[in-house]
Amino acid sequence: MLTKQKKLILSTSQRNSMRRAGKTNGELMDFVRPQIKAGITTNEIDKLVHDWTYQRGHKAATLGYQKFPKCCCTSVNEVICHGIPDDYVLQEGDIVNVDITTIVDGWHGDQSETFIIGQTSEERRAVVQCAFDCMHLAIDALTPGCRVATIGEAIVPEAQGRGFSVVREYVGHGLGRQFHLDPSIPHFPNKQSRIDRLYPGMCFTVEPMINAGARYAKSDKVDGWTVRTKDGRPSAQFEHSVLMTEEGPEILTLTQDGPQKGHQF
Ligand code: MF3
Ligand code: CO
Ligand code: CO
């Protein structure tokens, strides 16, 4: 039987295309990271992403995606995800997630990091640390052919054990020639994720959003995109694109200069 999942198994050359896309996206993250400081606007971050991408002949996947107007998402403090770059000036103490997706020769690389601007509160620091640790815990738990639920089973106890919560409305996703593919990658276990499996040759994202307070989210009625915590408390996220191989998970969006597994914020 030809199942939906079978179509997502990438050949060796397709895997190499995803490796190139992920590597390029990681290089872009390394380029923007040192410029994310107090005083820069999120629009200026977007321009950095735009110019770097198009100068190299690549494309920003978010630009025009379901009418999203910018080349990256910038999500500050209580914004969970899908913040739209604007004239907001980053300030000491802010946390900002920058989520970048580049299309290289038709293939997608997708990743994000949350940056701490200068000195911040203990709550903000801890939620950033938790999101980072949860992403790596989940990736490390993966084995060839494992269930998608492995991810949620790693993340939920860790986040809740630290007194935080895991966002449920927004999830990771299959990734390839399209931005968002099956399978859905929730960061909590559910019925479908206990069925779906991650076979060698599959590409997907792991991108937990962790809230300092309650898990509930609300999206902005005016812009239609910005997703905030209902309780106004901070939220943080990290994302990598991952290829499952016969040997185990391979992170495609590694960076040279960014926080590595085990990093203490
Ligand atoms: N990059 C986000 C993700 O990780 C999706 C952003 S879609 C946008 O899936 F339209 F909001 F940009
Ligand atoms: Co992303
Ligand atoms: Co993603």
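Every number in the numbering used here is 1 more than the matching position in the sequence shown, counting from 1. Note that CB positions come from ideal geometry on N, CA and C, so glycine has one too.
My understanding is that residue i touches residue j, with C-beta atoms under 8 Å, so please give their C-beta distance in whole angstroms.
{"i": "R229", "j": "K219", "result": "6 Å"}
{"i": "A61", "j": "G119", "result": "28 Å between Cβ atoms; not a contact."}
{"i": "E245", "j": "P190", "result": "According to the sequence shown, residue 245 is Met rather than Glu. With a Cβ gap of about 18 Å, M245 and P190 do not count as contacting."}
{"i": "L11", "j": "C204", "result": "6 Å"}
{"i": "S242", "j": "T254", "result": "5 Å"}
{"i": "P267", "j": "A139", "result": "Nothing about residue 267 can be read from this structure; the chain reaches only from 2 to 266."}
{"i": "G175", "j": "L182", "result": "3 Å"}
Let me check understanding here. Comparing Cα to Cα, which of the options lies closest to residue i?
{"i": "E123", "options": "D95, D134 and G225", "result": "D95"}
{"i": "C82", "options": "P145, K262, Q238 and F165", "result": "Q238"}
{"i": "R198", "options": "A139, P184 and C135", "result": "P184"}
{"i": "G162", "options": "E170, D141, V172 and I211", "result": "I211"}
{"i": "P86", "options": "V149, E159, R126 and K48", "result": "K48"}
{"i": "G164", "options": "V172, T63, V128 and I152", "result": "V128"}
{"i": "V99", "options": "V157, F32, I196 and E251", "result": "F32"}
{"i": "D134", "options": "T254, V207, L253 and A215", "result": "V207"}
{"i": "G259", "options": "L9, Q36 and C73", "result": "Q36"}
{"i": "C73", "options": "I117, T43 and A213", "result": "T43"}
{"i": "G153", "options": "S194, T115, L91 and H59", "result": "S194"}
{"i": "Q257", "options": "M30, T13, L9 and S14", "result": "M30"}
Exposed or buried, which one is residue i when buried takes at least 16 other CB atoms within 10 Å?
{"i": "T75", "result": "buried"}
{"i": "H264", "result": "exposed"}
{"i": "Q130", "result": "buried"}
{"i": "E93", "result": "exposed"}
{"i": "A155", "result": "buried"}
{"i": "Q112", "result": "buried"}
{"i": "D224", "result": "exposed"}
{"i": "G27", "result": "buried"}
{"i": "N17", "result": "exposed"}
{"i": "S166", "result": "buried"}
{"i": "M2", "result": "Caution is warranted here: a pLDDT of 49 is assigned to M2, below 50, making its placement in the model unreliable, and the coordinate value is therefore given only provisionally. The residue is exposed, with fewer than 16 neighbouring Cβ atoms inside 10 Å."}
{"i": "I101", "result": "buried"}
{"i": "A160", "result": "buried"}
> Do the stretch 99-115 and the stretch 14-31 touch if we need at least three Cβ pairs shorter than 8 Å?
Replying inline: yes
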